[in-house]
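In what follows, a structure is listed as structure tokens, so that the remarks can point back to it.
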Amino acid sequence: MLEAVPNVSEGRSRDVIRAIGDAYASGARLLDVHSDPDHHRSVYTLVGEREPLVEALLEGTARALELVDLRSHEGVHPRIGVVDVVPLVPFEPGELPAATAAALSLAQRIGTELHIPVLLYGEVGVGRRPAFFRRGGLAELARRLESGELDPAAGPRTIDPRRGVVLVGVRAALVAYNVELRTGDLEAARAIAAAVRESGGGMPGVQAIGLRLPRSGKVQVSMNLIDLERAALHEVVERVRLEAAALGIEVAGGELVGLVPERVLLAAEEAGVRVPGLDENRVLERVLRI
127 MLEAVPNVSE
137 GRSRDVIRAI
147 GDAYASGARL
157 LDVHSDPDHH
167 RSVYTLVGER
177 EPLVEALLEG
187 TARALELVDL
197 RSHEGVHPRI
207 GVVDVVPLVP
217 FEPGELPAAT
227 AAALSLAQRI
237 GTELHIPVLL
247 YGEVGVGRRP
257 AFFRRGGLAE
267 LARRLESGEL
277 DPAAGPRTID
287 PRRGVVLVGV
297 RAALVAYNVE
307 LRTGDLEAAR
317 AIAAAVRESG
327 GGMPGVQAIG
337 LRLPRSGKVQ
347 VSMNLIDLER
357 AALHEVVERV
367 RLEAAALGIE
377 VAGGELVGLV
387 PERVLLAAEE
397 AGVRVPGLDE
407 NRVLERVLRI
């Protein structure tokens, strides 16, 4: 069994979100859907055996491409496709070959059957991360493809601006978590993100950006913890709180995106720390058992 966590550039229309979820659930078990209107993005968590999961991901991708138009899309989260990323996640290290085979099969089928450029990242993409492709936005990516700087793994070289591209990858389990700040100062959020993320000299295995939430007027530090062995969620959230306090800013709340491995909750419980939004209902293994 493998996990897949497709991210779709639609976070507002309940009907569209539901229709895409129904398509994903056609051949896999849909465990969770997290939608955010400010990010204008939905994160679907699926599990299934390799071949049915590939079929389900293909079906969901096709449905999303049918229902979502990237040309009229606006949201605070960076994106370069209607179905922006489709990571395959092995539950155990020994399942990496199965996840790799599933990702490569899915990439070829999306490119061939849906006629959209597919790019590979993570374990199947020489370690590249989505940010490598998002740099400069969709117009810059189109230039890089058309010039031959980048080659699609499958599908055409030309990008349809209505649909964008699909990034297919294989990665370890990660945690996506947003910390909302009690301020409207976007530069403060960006400074906190820079201090926390690994590339800024902060915590290992942490990616972070500062974003403004237009509906509330508040700002948030949006993070991915990509190495759970080196960065525990409760420690990262505490670091954000300390960096914010140093600027005279309070943390207003926290939001977990999707599900997390059980060890994330256990580590927080052992440390005696309560992380907002993290409880048994958000733990992947416990949801599977239910």
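Reading the sequence shown from the start, the letters are residues 127 to 416 in this note's numbering. Glycine is no exception: its CB is placed at the ideal position from the N, C-alpha and C atoms. All values derive from a computational prediction rather than experimental measurement.
Take Arg289, set aside five residues on each side of it, and the residues of its chain with a beta-carbon closer than 6 Å to its own are Leu191, Val208, Ile242, in chain order. Per DSSP, Val194 lies in no beta strand (DSSP E) and is assigned neither H nor E.
Counting every other CB atom within 10 Å of its CB across the protein chains shown gives Ser198 a total below 16, marking it as exposed.
Val169 is a Cβ neighbour of Val383, given a cutoff of 7 Å. Look at Val208 here: in three-state DSSP terms it is coil, with no helix or strand label. Taking the C-beta atoms as reference points, Ala372 is found no nearer than 7 Å to Val347. Considered as a whole, the region 250 to 310 harbours 292 to 296, 301 to 307 as its complete beta strand (DSSP E) runs of no fewer than 3 residues, in chain order. Under the 8 Å Cβ criterion, the region 307 to 322 does not count as touching the region 218 to 230, having fewer than three qualifying pairs.
Bounds of the alpha helix (DSSP H) holding Asp141 are 140 to 150. Residue nearest to Ala130 within the set Ile285, Ser325, Arg255, Ala299 is Ala299 (criterion: CA-CA distance). Excluding five sequence positions before and after His160, the CB atoms of its chain that fall closer than 6 Å to its own CB belong to Val169, Val383, Gly384, given in chain order. When the beta-carbon positions are compared, Ala357 and Gly326 stay at least 7 Å from each other. With contacts defined by Cβ atoms closer than 7 Å, Ala279 and Leu246 form a contacting pair. DSSP, read as helix, strand or coil, puts Ser231 in helix. By the neighbour-count criterion, in which a residue is buried when 16 or more other Cβ atoms sit within 10 angstroms of its Cβ, Leu267 is buried. Note on Pro287: under 16 other CB atoms within 10 angstroms of its CB, so exposed under the neighbour-count rule. Burial check for Ser342: the Cβ neighbour count within 10 Å stays below 16, so the residue is exposed.
For Ala130, the uninterrupted beta strand (DSSP E) segment begins and ends at 128 to 130. Per DSSP, Arg341 lies in no beta strand (DSSP E) and is assigned neither H nor E. In this structure, Ala188 lies away from Ser152, with their beta-carbon atoms at least 7 Å apart.
A direct Cα-Cα distance of roughly 48 Å separates Ile416 from Glu272. Nearest Cα to Pro213 within the set Glu185, Val180, Ile143, Thr238: Val180.
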